[in-house]
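Working notes, beginning with the structure itself.
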Amino acid sequence: MKKILKPLALLLLTALIIIQFFRPKENLSSGSTALANDISKVYHVPDQVQAILQTSCYDCHSNNTQYPWYSKVQPVTWWLNDHILEGKKEINFSEFASYSIRRKYKKMEEIIKQVKDDEMPLYSYIFIHRNSKLNGDQKLSVVNWATAIRDTMKASYPADSLIKK
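Numbered per our numbering, the sequence shown spans residues 346 to 510.
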């Protein structure tokens, strides 16, 4: 049994060392184009809401992730990268201005629902990032902000351009 365990442990250790050299591209944008399509370019984002979005949403839902120390260790990096890619597929605040009116409207509806229902931020994120958990006042601020944007859109665009038929 010892003859099998020692080589197996050595093989596993070697594999862990080797995978440290294979990393996905980090989710970091820079330069003047970094904010060109940010949500703040099309809608007013109050400072309080912006702070909430930065703390609780932007790591997975923007083009700028603040990586924690453990993100440098494989296979954790791959797992985090997958979460970030999935999050950006759902909503990317850095690309929000490029969305169609219909998609913007739908995303505001989803923000309202998910914040009210405690679906976002994800528990797995809150578990590590304790300060990202939204309290009642923060939830209300985000919900009111998203509702105001939806109301502005309703007043500015024909109803059939906002919903999918």
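Virtual Cβ for every residue (Gly too), placed ideally from N, Cα, C.
- [ ] Would you please state the rounded distance, in angstroms, between the beta carbons of SER439 and ASN382? I believe it to be under 8 angstroms.
- [x] Correct: roughly 6 angstroms between the Cβ atoms.
Open item on the list: Among the candidates PRO420, GLU371, ASP392, TRP414, whose CA atom is the shortest distance from the CA of SER407?
Closed with: Just measuring C-alpha positions, the residue of PRO420, GLU371, ASP392, TRP414 sitting nearest SER407 is GLU371.
Task: Per-residue burial, PRO466 [other beta carbons within 10 Å of its own, 16 or more giving buried] - done: Buried is the call here.
- [ ] Tell me, to the nearest whole angstrom, how far the beta carbon of THR422 is from that of ARG368; I am working on the premise that it is less than 8 angstroms.
- [x] Rounded, the Cβ-Cβ distance is 6 angstroms, consistent with contact.
Task: LYS509, DSSP secondary structure in three states - done: In the structure shown, LYS509 adopts coil according to DSSP, grouped into three states.
Task: Cβ neighbour criterion (16 or more within 10 Å) applied to PHE366 - done: Answer is exposed; the Cβ neighbour count stays below 16.
Open item on the list: For MET453 and ILE494, what's the separation of their Cα atoms in angstroms?
Closed with: If I take the Cα positions, the gap works out to 7 angstroms.
Task: N- and C-terminal bounds of the alpha helix (DSSP H) containing ILE446 - done: Boundaries of the alpha helix (DSSP H) harbouring ILE446: 446-461, taken from the DSSP string.
- [ ] Using beta-carbon positions only, say whether VAL460 and LYS484 come within less than 8 angstroms of one another.
- [x] Result yes, Cβ atoms of VAL460 and LYS484 sit closer than 8 angstroms.
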